[in-house]
Every structure is written in structure tokens, then in C-alpha cells.
Amino acid sequence: MVHSSSFSTQFRWSDSVPLPAYESRRANPFSDLRDASSDQKADNPDRGLLSGSGSSSAFARPQMLVGSSENTFQILNKYDTVIIVDDSTSMTKFWTEVSSALASLAAIAGTYDEDGIDVHFLNSPQYELHLRTEQDVQQLFNSVSPGGYTPIGDKLEEFLLPYVKKFKAEYDSLKPGKKTKVKPVNYLIITDGVPSDDPESVIEITAKRLDQMNAPLSQVGIQFVQIGNLPEATAYLQELDDALKGKYGMRDIVDTTPYHGKLDGDELVKALTGGINRRMDRKK
Numbered sequence: 004m005v006h007s008s009s010f011s012t013q014f015r016w017s018d019s020v021p022l023p024a025y026e027s028r029r030a031n032p033f034s035d036l037r038d039a040s041s042d043q044k045a046d047n048p049d050r051g052l053l054s055g056s057g058s059s060s061a062f063a064r065p066q067m068l069v070g071s072s073e074n075t076f077q078i079l080n081k082y083d084t085v086i087i088v089d090d091s092t093s094m095t096k097f098w099t100e101v102s103s104a105l106a107s108l109a110a111i112a113g114t115y116d117e118d119g120i121d122v123h124f125l126n127s128p129q130y131e132l133h134l135r136t137e138q139d140v141q142q143l144f145n146s147v148s149p150g151g152y153t154p155i156g157d158k159l160e161e162f163l164l165p166y167v168k169k170f171k172a173e174y175d176s177l178k179p180g181k182k183t184k185v186k187p188v189n190y191l192i193i194t195d196g197v198p199s200d201d202p203e204s205v206i207e208i209t210a211k212r213l214d215q216m217n218a219p220l221s222q223v224g225i226q227f228v229q230i231g232n233l234p235e236a237t238a239y240l241q242e243l244d245d246a247l248k249g250k251y252g253m254r255d256i257v258d259t260t261p262y263h264g265k266l267d268g269d270e271l272v273k274a275l276t277g278g279i280n281r282r283m284d285r286k287k
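Residue numbers for the sequence shown follow our numbering, beginning at 4 and rising by one.
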């Protein structure tokens with residue numbers, strides 16, 4: 004069953020037409036969260052999240068994606084995976100390519116994680132949770148027609164604000180040295196263009212809040228996967244990847260994957276696992 008959500012309006016700054024990127028800085032949507040910097044807990048042991056072997060799967064293993072392995076999906080099983088698809092007007096020509104790539108990803112990932120993947124869109128209220136088959140993905144994409152702007156900032160805020168609040172509630176209740184039970188999350192955003200709003204502010208605020216709570220470096224990851232070769236989009240996404248850590252003095256939670264002529268399930272797996280591995284290797 005395809006779901007329709009009204010949740011996307013709950014955490015918006017406004018319901019007006021999205022402003023061009025960088026036209027104005029956002030107010031801090033996390034301002035109601037108490038500053039955690041004054042009472043940081045001991046270094047969180049979750050920093051070793053990827054060490055050791057993953058849990059075994061209860062499902063039979065199908066044909067693997069090229070370049071993938073059982074260990075890869077055992078790693079991904081430690082994370083919630085949320086896919087956000089750009090459904091702006093310019094994505095019409097890429098719709099079949101994106102749906103095929105996600106169908107492949109869902110079919111394989113679903114055999115290692117009973118939760119499957121969650122797929123949402125930037126504009127459409129339609130979404131689906133726990134997708135595990137190609138047919139499920141195709142049914143969802145058939146229910147959505149591209150059209151509208153590219154409000155990546157608003158959509159990220161919709162997910163990141165409640166997630167950080169949930170993590171903070173857990174953080175405040177933990178005794179020093181105890182592990183958080185909030186599952187790490189990867190947001191994978193497939194887009195062809197420059198955002199019509201300001202995702203940079205949302206990313207900055209999220210990263211700084213995670214730093215203040217001494218959250219594991221792997222707790223939140225944002226992977227931008229470009230489709231198409233629009234130079235402005237390539238430059239903008241590369242700036243998000245390369246410049247934010249130094250610009251704001253924060254942890255690096257963003258990775259980008261440029262377009263290489265074709266998007267498929269294997270590229271999406273590489274984007275997810277590559278982002279995890281890079282975050283685990285980085286120093287704060």
C-alpha cells in the first residue's frame with residue numbers, strides 16, 4: 004500500500020514557496036533543545052559501531068549486485084536507510100532510471116534487513132516504508148509524477164529534527180559509558196539539480212548538535228547521489244561535501260557521488276557503504 008503523508012508540513016519554517024538557495028539563513032529549528040555542551044557525557048563507546056561481524060540474516064540470499072557482498076549488507080543492516088528522491092519537474096527524464104536502481108537495491112537489501120528501505124519524495128506526500136521487492140518500488144513510482152521545486156532543506160529538516168530530538172532524549176537518560184539504543188541512520192538523496200532552498204543550514208545545525216552530544220561519528224550520514232551532469236548541481240553538491248566541516252567547525256556528515264553515465268543499484272550500495280567507511284575513518 005502506498006502511503007500519503009501530511010507530516011511534511013509539521014516541521015517547516017513556513018508554507019511559502021521555497022526561496023532560492025542561500026537567499027536567507029534559516030532560524031534555528033533546534034533552538035528548543037537544551038545546549039548539551041555544558042554537560043557532555045563520557046566518550047560514547049558506539050564509536051566502534053562497525054567493528055566485529057554483523058548479525059546473520061534469516062532470509063535466503065539471492066543474486067548479488069555487482070561489487071556487493073554479504074558483509075556489505077550486514078554493515079548496512081546496522082543502519083536505518085531512508086531514501087529521498089527528487090521529484091521536481093526536471094527529474095521526469097530520469098524517472099525510469101531512478102526507479103530501476105531503487106528496485107534493484109530494495110530486492111537485495113530486503114534479504115538482509117527485514118526493514119527493507121524507506122522511500123520518500125521531495126514534493127509528493129506519497130511514500131512507502133519497508134520496501135523489499137522490485138514490484139513494491141515500481142508500484143510506488145507509478146503513483147508519483149515529477150513536478151515542482153527542489154526543497155531538499157525542508158525535507159531534511161522534516162526528518163532530522165525529530166531524529167535529533169529522539170537522540171537527545173536518549174542521551175539525557177543515559178548513564179556515562181552506556182550505549183545509545185537509537186539506531187544510526189543514513190539519508191540517501193537522489194537529485195539532478197541545485198536545491199531551491201537552504202539545506203546547508205539544516206546540515207550545519209544537525210552536525211553541531213550531534214557534536215555537542217558527543218554522538219558517534221556514524222550516527223547520522225547524508226549521501227547525495229547526483230543523476231545527470233548539470234554542472235551547477237555537481238559544483239553545489241561538491242561544496243556541501245568538501246566545505247562545510249571547515250566553514251562551520253563541525254563534523255562531516257555529508258558525502259556526494261557524482262553521475263558516471265548510469266545510476267543502478269550497485270552505485271547506490273557503493274554510495275551508502277562508502278559514506279559509512281569515510282565517516283568512520285575521519286577525525287573530528
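Every residue gets a Cβ at the ideal spot worked out from N, C-alpha and C, and that includes glycine.
- In the three-state reduction of the DSSP assignment, Thr-84 falls in the strand class.
- By the CB criterion at 8 Å, Ile-230 and Tyr-190 fall outside the cutoff.
- Using a Cβ distance threshold of 8 Å, Arg-254 and Leu-275 do not count as a contacting pair.
- For Val-257, the enclosing beta strand (DSSP E) has its first and last residue at 257 to 260.
- Between Val-140 and Ser-91, the C-beta gap is not smaller than 8 Å, which leaves the two residues out of contact.
- Apart from sequence neighbours up to five positions away, the residues of its chain that approach Asn-126 with a beta-carbon distance below 6 Å are Asp-90 and Gly-151, ordered along the chain.
- The Cβ atoms of Gly-196 and Leu-247 do not sit closer than 8 Å to each other.
- With respect to the C-alpha of Pro-198, the residue from Ser-93, Lys-181 and Thr-114 having the closest C-alpha is Ser-93.
- In this structure the segment 235 to 252 does not lie against the segment 164 to 174, because fewer than three pairs of beta carbons, one per stretch, are closer than 8 Å.
- Secondary structure at Tyr-251: helix, using DSSP grouped into helix, strand and coil.
- Between Thr-209 and Leu-177, the C-beta spacing is not below 8 Å.
- When the five nearest sequence neighbours on each side are left out, the beta carbons in the same chain lying within less than 7 Å of the beta carbon of Leu-240 are those of Phe-227, Gln-229 and Thr-259, in order along the chain.
- Annotation: Ala-236 to Glu-203 spans about 14 Å, alpha carbon to alpha carbon.
- Per DSSP, His-263 has no beta-bridge partner at all.
- Per DSSP, reduced to three states, the secondary structure at Gln-142 is helical.
- Taken atom to atom, the span from the alpha-carbon of Ala-109 to that of Thr-136 is near 6 Å.
- If you compare the alpha carbons of Lys-96, Arg-212 and Val-122 with that of Leu-105, the shortest gap goes to Val-122.
- Thr-99 counts as exposed, since fewer than 16 other beta carbons sit within 10 angstroms of its beta carbon.
- For Ser-107, the number of other beta carbons within 10 angstroms of its own is at least 16, and it is reported as buried.
- 8 Å or more divides the Cβ of Leu-243 from the Cβ of Val-223.
- By alpha-carbon distance to Asp-201, the top candidate from Asn-217, Thr-194, Ile-155 and Lys-211 is Ile-155.
- With respect to the C-alpha of Asp-214, the residue from Ile-192, Asp-245, Ala-238 and Tyr-174 having the closest C-alpha is Tyr-174.
- Residues Tyr-82, Asp-83, Val-85, Tyr-166 and Val-223 of the same chain have their beta carbon placed closer than 7 Å to that of Val-188, with the five preceding and five following residues left out of the count.
- With a threshold of 16 other beta carbon atoms within 10 Å, Gly-264 falls short and is exposed.
- Just measuring C-alpha positions, the residue of Thr-95, Gly-113, Phe-97 and Val-88 sitting nearest Asn-80 is Gly-113.
- Within a 10 Å sphere around the beta-carbon of Gly-278 sit 16 or more other beta-carbons, which makes this residue buried.
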